[in-house]
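J.: In our numbering, the protein residues as written are 682 to 857.
Have a look at the structure that comes next, please.
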């Protein structure tokens with residue numbers, strides 16, 4: 682898929698419904714070019730198209746292929762923001778796991794980034810700079826021993842974390 686197609690697809694990650702003119706204006710491309718790219722995304726199964734009065738409206742398909750693209754986009758944004766590098770340096774190379782709606786590709790514009798961080802070195806974190814770029818960030822900071830105890834007190838949370846995406850480090854078998 683071309684860069685323009687990817688840029689166009691990103692407009693729909695916030696679950697919006699847009700017409701051709703909106704897309705062309707937001708990407709500074711002609712309406713005919715926007716229309717061509719939108720048709721490619723519809724044929725690829727990533728977008729849905731419907732008519733409303735005299736407008737063609739496009740929205741996300743919300744299928745597995747779309748969710749996979751959205752997951753990749755969310756993870757790329759975390760790395761590009763510098764947050765992962767910041768956490769690695771500040772917490773001496775912890776295990777960082779993205780979980781929740783952003784990891785599943787089921788997020789909307791109000792969703793936060795849920796990061797579970799396992800580290801032996803807890804430290805205060807200043808996330809303001811990253812929240813300006815990404816939106817709300819929620820960090821669950823635990824030592825390996827605390828993570829082991831969570832298996833008994835919050836098994837649902839541990840299950841969500843284990844099924845998340847590891848962005849840095851790894852899960853030790855002894856923690857599970």
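Ideal Cβ placement from N, Cα and C applies to all residues, glycine included.
When you compare the CB of residue 846 with every CB in chain D, is at least one pair closer than 8 Å?
T.: Here there is only one protein chain, and chain D is not present.
J.: Spatial neighbours of residue 762 within its chain, please: C-beta separation below 6 Å, excluding the five flanking residues on both sides.
T.: Translated into positions along the chain shown, residue 762 becomes position 81. Excluding positions up to five away in sequence, the list reads 811, 814, 815.
J.: My assumption, with CB atoms under 8 Å, is that residue 822 sits in contact with residue 842. Please give the rounded CB distance.
T.: One-based indexing of the chain shown puts residue 822 at position 141. One-based indexing of the chain shown puts residue 842 at position 161. Contact flag wrong, Cβ pair sits at about 12 Å.
J.: Whose C-alpha, out of 852, 739, 782, is nearest the C-alpha of residue 826?
T.: Position 145 of the chain shown, counting from 1, holds the residue named residue 826. Cα-wise, what sits closest to residue 826 is 852.
J.: Smallest Cα separation from residue 793: which of 804, 830, 685, 783?
T.: Along the chain shown, read from residue 1 onward, the residue named residue 793 stands at position 112. Measuring from the Cα of residue 793, the nearest candidate turns out to be 783.
J.: Taking the C-alpha atoms as reference points, what is the distance between residue 756 and residue 778?
T.: Along the chain shown, read from residue 1 onward, the residue named residue 756 stands at position 75. Along the chain shown, read from residue 1 onward, the residue named residue 778 stands at position 97. Cα to Cα, the separation comes out at about 10 Å.
J.: Between residue 719 and residue 747, is the Cβ-Cβ spacing less than 8 Å?
T.: For the purposes of this step, residue 719 is taken as the residue at position 38 of the chain shown. For the purposes of this step, residue 747 is taken as the residue at position 66 of the chain shown. Contact: no.
J.: Hey, could you find the ends of the beta strand (DSSP E) residue 728 is sitting in?
T.: Working through the chain shown from its first residue, we reach residue 728 at position 47. It spans 728-733 - the beta strand (DSSP E) in which residue 728 sits, taken as one unbroken run.
J.: Which residue from 737, 776, 818 puts its Cα closest to that of residue 758?
T.: Sequence index remark: in the chain shown, residue 758 carries index 77 (1-based). Residue 758 has its Cα closest to that of 818, out of 737, 776, 818.
J.: Can you tell me whether residue 780 is buried or exposed, with buried defined as 16 or more other CB within 10 angstroms of its CB?
T.: Residue numbering aside, residue 780 sits at position 99 when the chain shown is read from its first letter. Buried, because 16 or more other Cβ atoms sit within 10 Å of the Cβ of residue 780.
J.: Please specify which runs of the beta strand (DSSP E), each continuous and at least 3 residues long, are wholly inside the stretch 740-781, giving them in chain order.
T.: Runs of the beta strand (DSSP E) inside the stretch 740-781: 776-780.
J.: Suppose you measure from the CA of residue 703 to the CA of residue 787; what does that come to, to the nearest Å?
T.: By 1-based counting over the chain shown, the position of residue 703 is 22. By 1-based counting over the chain shown, the position of residue 787 is 106. Rounded to the nearest angstrom, the two C-alpha atoms are 23 Å apart.
J.: Just curious, the beta strand (DSSP E) that residue 719 is in, first and last residue?
T.: Position 38 of the chain shown holds residue 719. Residue 719 -> not in any beta strand (DSSP E); alpha helix (DSSP H) instead, spanning 712-724.
J.: From the DSSP output, in three-state form, read off residue 819 for me.
T.: For this step, residue 819 is matched to residue 138 along the chain shown. Strand.
J.: Would you give the residue range spanned by the beta strand (DSSP E) that residue 795 belongs to?
T.: Here residue 795 refers to the residue found at position 114 of the chain shown. Element bounds for residue 795: 794-799.
J.: Out of 760, 686, 767, 741, point me to the one whose CA is closest to residue 846's CA.
T.: Translated into the one-based positions of the chain shown, residue 846 becomes position 165. Checked all of 760, 686, 767, 741; the closest Cα to residue 846 is 760.
J.: To the nearest angstrom, report how far apart residue 752 and residue 691 are at their CA atoms.
T.: By one-based count along the chain shown, residue 752 stands at place 71. By one-based count along the chain shown, residue 691 stands at place 10. Distance between the alpha carbons of residue 752 and residue 691: 11 Å.
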